[in-house]
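Enquirer:
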Amino acid sequence: SILPFPMFGRLHSSGALRRTVSQGLLVPCWRGRQTIFTQAAVEYGLNEEQLAILETAKRFAETEIDPHAAEWDQTKHFPVEVFRKAAELGFAGLYVGDEYGTGLGRLEASIVFEQLAWACPTTSAYLTIHNMVCGMIDTFGTAEQRAQWLPSMVAGERLASYCLTEPGSGSDSAALKTTAVRDGEDYAITGEKVFISGAGTTDVYAVMVRTGEAGPKGISCILVPKGVPGLSFGKNETKMGWNNQPTRQVVFDNVRVPVSHRLQEEGFGFKIAMKGLDGGRINIASCSLGAAQKCLEIAHRYSNDRRQFNAPLSNLQSVQFSLADIALKVHTSRLIIRQAAQALDQGDPNSNTYCAMAKLHATEECYKAIDAALQLHGGYGYLKDYHVERYLRDTRVHRILEGANEVMKHIIARNVLRE
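Whatever position you read off the sequence shown (first residue = 1), add 1 for the numbering used here.
1. Within 10 angstroms of the Cβ of ARG415, are there 16 or more other Cβ atoms? Answer buried if so, exposed if not.
2. Please give me, in chain order, every unbroken run of the beta strand (DSSP E) with length at least 3 that falls completely inside the region 202 to 260.
3. Can you give the Cα-Cα distance for ALA176 and SER221, rounded to whole angstroms?
4. Skipping 5 residues on each side, what residues in its chain have a beta carbon closer than 7 Å to that of SER323?
5. Cutting at 7 Å between CB atoms, please list the residues of its own chain near SER405, excluding the five before and the five after it.
6. Rounded to whole angstroms, what's the CA-CA distance from CYS67 to GLY235? Just pull it up for me.
7. To the nearest angstrom, how far is the alpha carbon of VAL205 from that of CYS121?
8. What does LEU164 pair with, by DSSP beta-bridge criteria?
9. Find the nearest neighbour of VAL252 within the set GLU266, PRO230, VAL134, judged by alpha-carbon distance.
10. Residue range of the beta strand (DSSP E) that LEU192 falls in?
11. Write down every uninterrupted run of the alpha helix (DSSP H) in the region 265 to 334 whose length is 4 residues or greater and which is fully enclosed by it, in chain order.
12. Please tell me whether ASP74 and ASN244 are closer than 8 Å, where the distance is taken between their beta carbons.
13. When you compare only the Cα positions, how much space is there between VAL43 and THR239?
14. Throw me the rounded Cβ distance for the GLY291 and GLU115 pair, which I believe falls under 8 Å.
15. Would PHE310 and THR248 qualify as a contact pair, given that the criterion is a beta-carbon distance under 8 Å?
16. Could you tell me whether the Cβ atoms of ALA71 and HIS388 are closer together than 8 Å?
17. Taking the CB atoms as reference points, tell me whether VAL258 and VAL225 lie closer together than 8 Å.
18. By a C-beta neighbour count over all protein chains shown, 10 Å radius and 16 as the cutoff for buried, is GLN321 buried or exposed?
19. Assuming contact is defined by CB atoms lying nearer than 8 Å, are THR212 and LYS194 in contact in what I supplied?
20. Can you tell which of ASP99, LEU117, TRP150 has the C-alpha that lies nearest to the C-alpha of PHE61?
21. How big is the Cα-Cα spacing for LYS227 and ALA328?
22. I'd like to check one pair, ALA293 with SER319: are the Cβ atoms closer than 8 Å?
23. According to DSSP, is THR179 helix, strand or coil?
24. Measuring CA to CA, which of PHE79, VAL155, VAL83 is closest to ALA93?
25. Do the CB positions of TYR392 and CYS288 come within less than 8 Å of each other?
26. Pick out whichever of ALA342, GLU267, GLN340 has its Cα sitting closest to the Cα of TYR188.
27. Starting from PHE84, trace the alpha helix (DSSP H) in both directions and tell me its first and last residue.
28. The alpha helix (DSSP H) with ASN406 in it runs from where to where?
29. If you reduce the DSSP assignment to three classes, tell me which class ASP349 lands in.
30. Under DSSP, the alpha helix (DSSP H) around SER111 begins and ends at which residues?
31. For SER172, does the three-state DSSP call read helix, strand or coil?
32. Looking at GLY157 and PHE84, is the spacing between their C-beta atoms short of 8 Å?
33. ASP184 by DSSP, collapsed to three states: which one?
34. Tell me whether ARG397 sits in a helix, a strand or coil according to DSSP, three-state version.
35. Suppose the cutoff is 6 Å on Cβ atoms and the five residues either side in sequence are ignored; what does the same chain contact list for LEU314 look like?
36. Ordered along the chain, which non-local residues of its own chain (more than five positions away) have a Cβ less than 8 Å from that of THR180?
Structure follows, in structure tokens:
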């Protein structure tokens with residue numbers, strides 16, 4: 002078992018989480034980052050343990066991700082070595098139970114992903130996918146399956162990909178056509194998946210396949226290890242963003258795996274997929290949030306440092322209003338994400354709607370916030386040196402994946418109209 006966040010003891014004993022009380026607000030002693038009002042918003046409502054988790058994730062992001070993120074984007078480097086370092090802190094099994102993982106809730110996981118996305122949304126987003134697959138195995142797997150798969154995955158020795166989307170089934174995921182035909186004690190899988198993050202590099206593929214009738218009741222979830230005969234990958238797609246995360250087609254040509262690799266009984270896969278997507282929506286919203294927080298800080302510094310008309314840009318009322326709008330979008334996104342995460346942790350019957358609301362609101366509003374931060378930079382915002390353009394490119398896809406935002410509106414409306 003990995004001990005949850007082994008750095009905590011050292012952090013507490015070294016005094017790195019020193020706090021001062023100012024008007025009843027606990028303010029941590031942050032290092033390596035410019036402190037502005039929004040820091041109080043970042044930690045609003047968090048308890049001591051959650052603040053320590055936040056501090057650990059932030060320090061990891063500052064030291065292990067932020068200095069390299071721009072280079073990874075340029076070279077399309079998938080930082081496997083960093084994922085393994087993250088696993089040493091428990092970040093590869095955040096909501097895997099205590100037997101094998103860190104045993105945290107969705108709220109704490111959201112805090113981690115926000116902080117990592119502050120440095121690189123793409124790196125954080127991949128880690129959310131790996132955690133989703135680990136969570137599926139922990140929640141729906143047998144004791145034998147958990148023992149077989151989780152120790153190496155939570156340790157970061159084997160990384161995971163999630164295979165749901167197909168060329169002919171995006172938002173209509175229940176129409177998937179990849180088949181798994183039972184042959185004795187094996188399944189023979191045939192079909193293809195598209196837009197699979199990490200594909201070709203990762204080691205474990207959680208694949209949604211059709212084992213029965215048309216529609217959601219005929220879908221099952223099967224774990225496929227890399228290297229089995231018949232498993233192949235397409236080219237690494239050339240994308241607008243998410244460059245340091247490979248995205249490939251995954252092809253199954255009569256791939257044979259044991260029946261013991263199936264999670265739950267046949268026909269249960271769609272429920273596993275939808276359960277994963279609720280958490281995934283909180284996670285990707287958190288990645289948008291971390292990116293927008295970083296761009297707010299960059300815009301704040303730039304508007305103070307940049308002088309026009311013999312004064313800092315921040316003296317201009319239009320700039321102040323723009324910063325206020327950005328801060329408002331970031332803060333409201335954080336509140337709705339954390340409320341949805343708490344609802345999911347508590348098993349709230351409306352958590353599906355709250356997760357859709359959080360994903361819709363945060364990915365839309367944080368993208369607008371990043372765009373506004375770029376606009377404040379004028380022509381410099383269009384240059385890679387100032388990094389805001391990378392955050393803009395990386396977060397655009399958040400409005401599409403984990404369920405397109407139009408689908409989120411459908412989910413919300415369906416539940417609002419329910420009698």
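Note that beta-carbon positions come from the ideal geometry of N, C-alpha and C, so glycine has one too. Nothing here was measured: the structure is a model prediction, and the numbers come from that model.
Expert: Once the coordinates are examined:
1. Classification of ARG415: exposed, given that the 10 Å Cβ count is below 16.
2. Segments of the beta strand (DSSP E) lying fully in the region 202 to 260: 205 to 211, 220 to 226, 232 to 234, 248 to 259.
3. If I take the Cα positions, the gap works out to 13 Å.
4. Hits under 7 Å: ALA373, LEU377.
5. Note that residue 405 is Ala in the sequence shown, not Ser. So the qualifying residues of the chain are SER172.
6. For the record, residue 67 in the displayed sequence is Asp; it is not Cys. Distance between the alpha carbons of ASP67 and GLY235 is about 30 Å.
7. The straight-line gap from Cα to Cα measures roughly 23 Å.
8. A quick correction: the sequence has Cys, not Leu, at residue 164. Answer is VAL208, bridged to CYS164.
9. The candidate whose alpha carbon is nearest that of VAL252 is PRO230.
10. Per the sequence shown, residue 192 should be read as Gly rather than Leu. Per DSSP, GLY192 is one residue of the beta strand (DSSP E) stretching across 187 to 198.
11. Within the region 265 to 334, the complete alpha helix (DSSP H) runs of at least 4 residues are 270 to 306.
12. Here ASP74 is near ASN244, since their CB atoms are less than 8 Å apart.
13. If you take the alpha carbons of VAL43 and THR239, they lie about 34 Å apart.
14. GLY291 to GLU115, Cβ: 4 Å. Contact.
15. No, the Cβ-Cβ distance between PHE310 and THR248 is not below 8 Å.
16. Contact: yes.
17. By the CB criterion at 8 Å, VAL258 and VAL225 fall inside the cutoff.
18. By the C-beta density criterion, GLN321 is exposed, having fewer than 16 other C-beta atoms within 10 angstroms.
19. Pairing THR212 with LYS194 gives a Cβ-Cβ distance that is not under 8 Å.
20. Of all alpha-carbon atoms in ASP99, LEU117, TRP150, the one lying nearest the alpha-carbon of PHE61 is that of LEU117.
21. So the alpha carbons of these two residues sit roughly 44 Å apart.
22. No, these two residues do not count as a Cβ contact at 8 Å.
23. Correct three-state label for THR179: coil.
24. Among PHE79, VAL155, VAL83, the Cα nearest to that of ALA93 belongs to VAL155.
25. Going by C-beta atoms, TYR392 is not nearer than 8 Å to CYS288.
26. When each option's Cα is compared against that of TYR188, the closest is GLU267.
27. 81 to 89 is the span of the alpha helix (DSSP H), which, as asked, contains PHE84.
28. Where ASN406 is concerned, the enclosing alpha helix (DSSP H) stretches over 406 to 418.
29. Reduced to three states, the DSSP call for ASP349 is coil.
30. Element bounds for SER111: 107 to 120.
31. Reduced to three states, the DSSP call for SER172 is coil.
32. Cβ distance < 8 Å, so PHE84 and GLY157 count as in contact.
33. Looking at ASP184 - three-state DSSP - the assignment turns out to be strand.
34. Look at ARG397 here: in three-state DSSP terms it is helix.
35. Within its own chain, the residues whose Cβ lies closer than 6 Å to the Cβ of LEU314, once the five positions on either side in sequence are excluded, are SER304, ARG307, VAL320, listed in chain order.
36. Hits under 8 Å: ILE190, THR191, GLY192, VAL210, ARG211, THR212.
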